[in-house]
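Novice:
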Ligand SMILES: N[C@@H](CCC(=O)N[C@@H](CS)C(=O)NCC(=O)O)C(=O)O
């Protein structure tokens with residue numbers, strides 16, 4: 122696929138315009154690249170945002186499962202899929218460089234990111250990393266702090282632990298590399314090449330694709346996939362762009378990707394009480410496994426009904442448009 126297609130006809134940036142969204146609620150967690158992407162965009166444009174691990178509501182959970190991100194502007198219907206959120210932000214009057222970009226071209230760019238994600242995400246847990254993975258979940262934060270969110274996050278940690286485990290098993294059984302660093306390098310080189318010719322991924326100005334790709338940098342740098350660091354640092358144009366992104370969002374927390382350019386940076390974690398609630402729930406879920414398991418299985422069944430679950434974009438692209 123030609124990544125430059127999406128960067129045609131990009132309008133110049135106009136940021137910090139007044140928004141009709143007073144405040145938005147974002148369902149998702151710190152380590153998700155798709156959540157990070159949209160949070161970075163909201164932060165850049167100054168849209169106040171509460172981030173929580175609690176699904177939008179119970180009815181939502183029953184029908185859509187636990188997939189995030191989900192964006193809920195005050196008093197409006199929830200939006201699923203981060204790229205739909207970028208479009209919605211543009212409708213709000215922010216210029217994310219998507220004006221005139223075809224949905225099919227955007228879908229291709231998202232699919233390229235998803236293909237990279239489906240590889241490196243499997244490296245977040247696995248032999249030797251399982252405890253680190255759960256500890257990573259315990260260190261994430263609700264913004265603002267919310268005990269209900271910490272309880273939900275502990276359950277989500279079990280869900281994603283199983284999802285990655287399942288993904289690794291399926292790949293292994295197909296005889297494919299589970300976490301293929303060579304493939305990762307081939308994927309990331311394409312973004313580096315693009316950035317050799319232009320300052321921003323979106324084109325002449327910072328925009329949706331910059332936030333989206335930076336979301337992935339954020340996820341990769343949460344401490345669970347550090348074997349990617351040397352590969353990423355070999356991409357000089359990409360590293361310069363990471364520096365520009367960090368400079369564009371100086372107060373953003375947590376800026377995990379800063380680790381790529383500053384060796385001294387340490388990540389912040391949630392408070393003691395927050396972590397206590399997480400661990401109590403996490404062990405509680407294990408103690409109550411006969412109850413936890415049906416809940417987990419239900420979430421796995423419902424994910425198929427959520428058009429934004431992991432891998433859905435690439436599948437949609439492979440299948441082509443629905444018949445008229
Ligand atoms: N296309 C979606 C991808 C969202 C996604 O893959 N979310 C992951 C978390 S990082 C998820 O919730 N996966 C759960 C599942 O697939 O069951 C987007 O851009 O928002």
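In the numbering used here, the protein residues as written are 122 to 445.
Backbone N, C-alpha and C fix where the C-beta goes; we use that ideal spot for every residue, glycine too.
Predicted model, so just to flag it, every value in this text is computed and none were measured.
1) When the Cα atoms are used, what is the spatial distance from residue 358 to residue 302?
2) Tell whether a beta-carbon distance below 8 angstroms holds between residue 336 and residue 155.
3) Do you know how far the Cα of residue 412 is from the Cα of residue 166?
4) Report buried or exposed for residue 356, applying the criterion of at least 16 other Cβ atoms within 10 angstroms of its Cβ.
5) Between residue 276 and ligand 1, is there a pair consisting of the residue's CB and a ligand heavy atom that are separated by less than 7 angstroms?
6) With respect to 7 angstroms, is the separation between the Cβ of residue 339 and the closest non-hydrogen atom of ligand 1 below this value?
7) Can you tell me the Cβ-Cβ gap for residue 343 and residue 331, rounded? I've got them flagged as a contact below 8 angstroms.
8) Taking the alpha-carbon positions, what's the residue 267 to residue 329 distance?
9) Whole angstroms is fine: what's the gap from residue 246's alpha carbon to residue 255's?
10) With a threshold of 16 other CB atoms inside 10 Å of the CB of residue 215, please say whether the residue is buried or exposed.
11) Quick one: residues in its chain with C-beta nearer than 8 angstroms to the C-beta of residue 395, no 5 flanking neighbours on either side, listed in chain order?
12) Does the structure place the region 170-179 close enough to the region 139-154 that three or more beta carbon pairs sit under 8 angstroms?
13) According to DSSP, simplified to helix, strand and coil, what is residue 250?
14) From the DSSP output, in three-state form, read off residue 346 for me.
15) Would you call residue 294 buried or exposed, if buried means 16 or more other Cβ atoms sit within 10 Å of its Cβ?
16) Return the residue from the list 190, 239, 273, 367 that minimises the CA-CA distance to residue 417.
17) Measuring CA to CA, which of 334, 300, 379 is closest to residue 315?
18) Apply the 10 Å Cβ neighbour rule to residue 259 and answer buried if 16 or more other Cβ atoms are within range, or exposed otherwise.
19) Going by DSSP, what residues sit across from residue 519 in a beta bridge?
20) Does the Cβ-Cβ distance between residue 239 and residue 432 come in under 8 angstroms?
21) For residue 230, count neighbouring C-beta atoms within 10 Å of its own C-beta (all shown protein chains included) and say buried if the count is 16 or more, exposed if not.
22) Is residue 153 near ligand 1, judged by its Cβ being under 7 angstroms from some heavy atom?
23) Looking only at its own chain, which residues have a Cβ that is under 8 angstroms from the Cβ of residue 389, when we skip the five neighbours before and after it?
24) Kindly indicate which three-state DSSP category residue 411 falls into: helix, strand or coil?
25) For residue 218, is the classification buried or exposed, using 16 other Cβ atoms within 10 angstroms of its Cβ as the cut-off for buried?
26) Between residue 306 and residue 352, is the Cβ-Cβ spacing less than 8 angstroms?
27) Strictly by DSSP, which residues pair up with residue 193?
Specialist: Taking the structure as given:
1) Reading the chain shown from its first residue, position 237 is the one you call residue 358. Reading the chain shown from its first residue, position 181 is the one you call residue 302. Straight-line Cα distance between these residues: approximately 20 angstroms.
2) Locating residue 336 in the chain shown gives position 215, counting from the first residue. Locating residue 155 in the chain shown gives position 34, counting from the first residue. Yes; because the gap between Cβ atoms is below 8 angstroms, this pair is in contact.
3) Reading the chain shown from its first residue, position 45 is the one you call residue 166. Reading the chain shown from its first residue, position 291 is the one you call residue 412. Roughly 42 angstroms between the two C-alpha positions.
4) Looking up residue 356 in the chain shown gives position 235. It is buried - the Cβ of residue 356 has at least 16 other Cβ atoms within 10 Å.
5) Here residue 276 refers to the residue found at position 155 when the chain shown is read from its first residue. Every heavy atom of ligand 1 is 7 angstroms or more from the Cβ of residue 276, so no.
6) Counting from one through the chain shown, the residue named residue 339 turns up at place 218. No.
7) As a working note, residue 343 is residue 222 in the chain shown. As a working note, residue 331 is residue 210 in the chain shown. Not confirmed; about 19 angstroms, so no contact.
8) As a first step, residue 267 is located in the chain shown; it is residue number 146 there, counting from the start. As a first step, residue 329 is located in the chain shown; it is residue number 208 there, counting from the start. Taking the straight line from one Cα to the other gives about 29 angstroms.
9) By 1-based counting over the chain shown, the position of residue 246 is 125. By 1-based counting over the chain shown, the position of residue 255 is 134. Computed Cα separation, rounded: 9 angstroms.
10) Translated into the one-based positions of the chain shown, residue 215 becomes position 94. Label assigned to residue 215: buried.
11) Residue 395 sits at position 274 when you count from the first residue of the chain shown. The residues are 262, 263, 266, 268, 271.
12) yes
13) Here residue 250 is taken as the residue at index 129 of the chain shown, counted from 1. Coil at residue 250, not helix or strand.
14) Translated into the one-based positions of the chain shown, residue 346 becomes position 225. Looking at residue 346 - three-state DSSP - the assignment turns out to be coil, as it is neither helix nor strand.
15) To locate residue 294, count along the chain shown from 1; it is residue 173. Under this definition residue 294 is an exposed residue.
16) Start at 1 with the first residue of the chain shown, and residue 417 comes out as number 296. If we check each option's Cα against that of residue 417, 273 comes out closest.
17) Walking along the chain shown from the start, residue 315 turns up at place 194. Checking every option, the nearest Cα to that of residue 315 belongs to 334.
18) Counting from 1 along the chain shown, the entry for residue 259 is found at position 138. So residue 259 counts as buried.
19) Any question about residue 519 goes unanswered here, given that the chain covers just 122 to 445.
20) In the chain shown, the residue the question calls residue 239 occupies position 118. In the chain shown, the residue the question calls residue 432 occupies position 311. Result yes, Cβ atoms of residue 239 and residue 432 sit closer than 8 angstroms.
21) Looking up residue 230 in the chain shown gives position 109. Within 10 angstroms of the beta-carbon of residue 230 lie 16 or more other beta-carbons, which makes it buried.
22) In the chain shown, counting from the first residue as 1, residue 153 sits at position 32. At least one heavy atom of ligand 1 is nearer than 7 angstroms to the Cβ of residue 153, so yes.
23) Translated into the one-based positions of the chain shown, residue 389 becomes position 268. Excluding residues up to 5 positions away in sequence, 262, 374, 375 lie with their Cβ nearer than 8 angstroms to the Cβ of residue 389 in the same chain.
24) Your numbering for residue 411 matches position 290 in the chain shown. Helix.
25) By 1-based counting over the chain shown, the position of residue 218 is 97. Buried, because 16 or more other Cβ atoms sit within 10 Å of the Cβ of residue 218.
26) Along the chain shown, read from residue 1 onward, the residue named residue 306 stands at position 185. Along the chain shown, read from residue 1 onward, the residue named residue 352 stands at position 231. Their beta carbons are under 8 angstroms apart, which means residue 306 touches residue 352 by this criterion.
27) Counting from 1 along the chain shown, the entry for residue 193 is found at position 72. The partner list for residue 193 (beta bridge, DSSP) reads 146.
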